[in-house]
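Step one of this worksheet: look at the structure below.
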Amino acid sequence: MEFLIIFILLALLAEVLGIVGGFGSSLFFVPVASFFFDFHSVLGITALFHLSSNIAKIALFRKGFDKKLIIQIGIPAVLFVILGAFLTRFIDNTYLSITLSIFLISISTILLIFKNLVLKPTLFNSVTGGALSGITAGLLGTGGAIRGLTLAAFNLEKNVFIATSAIIDFGIDFSRSIVYFSNGYMHKHDLYLVPILLVVSIVGTFIGKKILNHFSQSQFKYIVLSLILLVGIIMLVKQIRNI
2 MEFLIIFILL ALLAEVLGIV GGFGSSLFFV PVASFFFDFH SVLGITALFH LSSNIAKIAL
62 FRKGFDKKLI IQIGIPAVLF VILGAFLTRF IDNTYLSITL SIFLISISTI LLIFKNLVLK
122 PTLFNSVTGG ALSGITAGLL GTGGAIRGLT LAAFNLEKNV FIATSAIIDF GIDFSRSIVY
182 FSNGYMHKHD LYLVPILLVV SIVGTFIGKK ILNHFSQSQF KYIVLSLILL VGIIMLVKQI
242 RNI
């Protein structure tokens, strides 16, 4: 029971930070869940959690989204997430966990150092960003930072940004959920978490939206990235010790 309470609180924190930071909850949820479950189970649980989370985001931020970017970023993201999810069958869990921790450390460090890092709003960058976010989401469970960086190039209003990202992410999560299920990553004994995480995603999205209404996104992005860096370092040390 204590384990479940801690897990729910951390999942709620991940959802709030994902909304406020603009990266999506998986960037924080995946490494946190890795401390409680094996990596393949984490991939399955994260996909289900994100489906719920994105439905909540779409409902709460439905006033606007960019159809053009949904096509340019979403289509390559969905295609490559299927590829990445399929490839997880052939890669050892330990190496996936180490790769995830290195990815978290790298992306958070880059975004902390280069605070004004932006991509040019071109078709090439949209398609490339979508493909990279898709394959990292499929392989590692999270690609929100890359997708966020790609969307940031187009200077979207924050509600449009979140709604557009959520619709793209919904397509990514729906696609990888099918592959993860066929891979056997979704276990019956974990399904009790689905309704719990549905409630967590709705509450977390609501809280995150309220916070966004009172504070700037940039103020919280620094905190989120610092936490991701810390979690990545802890994960890497843990995995190295287990080798």
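When you read off a place in the sequence shown, starting at 1, and then add 1, the result is the number in the working numbering.
Where a beta carbon is used, it is the ideal one built from N, C-alpha and C, also for glycine.
Following the DSSP letters along the chain, one finds D170 inside the alpha helix (DSSP H) bounded by residues 159 to 184. For the pair of segments examined, the segment 149 to 168 was found not to touch the segment 95 to 102: the number of CB pairs separated by less than 8 Å stays below three. Judged by DSSP in its simplified three-state form, P122 adopts coil rather than helix or strand.
Between the alpha carbons of A167 and A60 lies a gap of roughly 10 Å. Here A34 has V43, I46, T47 as same chain residues with Cβ atoms under 7 Å from its own Cβ, once five neighbours each way along the sequence are excluded.
The DSSP-derived three-state label of G142 is coil. Inclusion of G25 and G85 in the CB contact set at 8 Å is not warranted, their separation being larger than that value. In this model, F30 and L124 are separated by some 30 Å (Cα to Cα). Check the Cα spacing between L228 and each of V238, I106, L101, I208: the tightest is with I106.
S178 is classed as buried because its beta carbon has at least 16 other beta carbons within 10 Å across all chains shown. When only Cα atoms are considered, D170 and I7 end up about 26 Å apart. By the criterion of a C-beta distance shorter than 8 Å, N243 is surrounded in its chain by T95, once the five residues flanking it on both sides are discounted.
By the neighbour-count definition (other C-beta atoms within 10 Å, threshold 16), L49 is a buried residue. By the beta-carbon neighbour count (other beta carbons within 10 angstroms, threshold 16), M187 is buried.
Taking all protein chains in view, the Cβ of M236 is crowded by 16 or more other Cβ atoms within 10 Å, so the residue is classified as buried. The beta carbons of L112 and L226 sit closer together than 8 Å. A straight-line Cα-Cα distance of about 11 Å links L231 and P32.
Taking a C-beta distance under 8 Å as the contact criterion, V82 and I147 do not qualify as a contact pair. Residues of the same chain with a CB within less than 7 Å of the CB of Q240, apart from the 5 flanking positions on each side, are T95, S98, I99, S102 in chain order. Less than 8 Å divides the Cβ of N160 from the Cβ of G65. Here L141 is buried: its Cβ has 16 or more other Cβ atoms, across all protein chains shown, within 10 Å.
Taking a contact as a CB-CB distance under 8 Å, the pair V201 and I20 does not count as one, their CB atoms being some 12 Å apart. Residue state for L192 is assigned as coil, using DSSP reduced to three classes. In this structure, E16 places its C-beta atom within 8 Å of the C-beta atom of S54.
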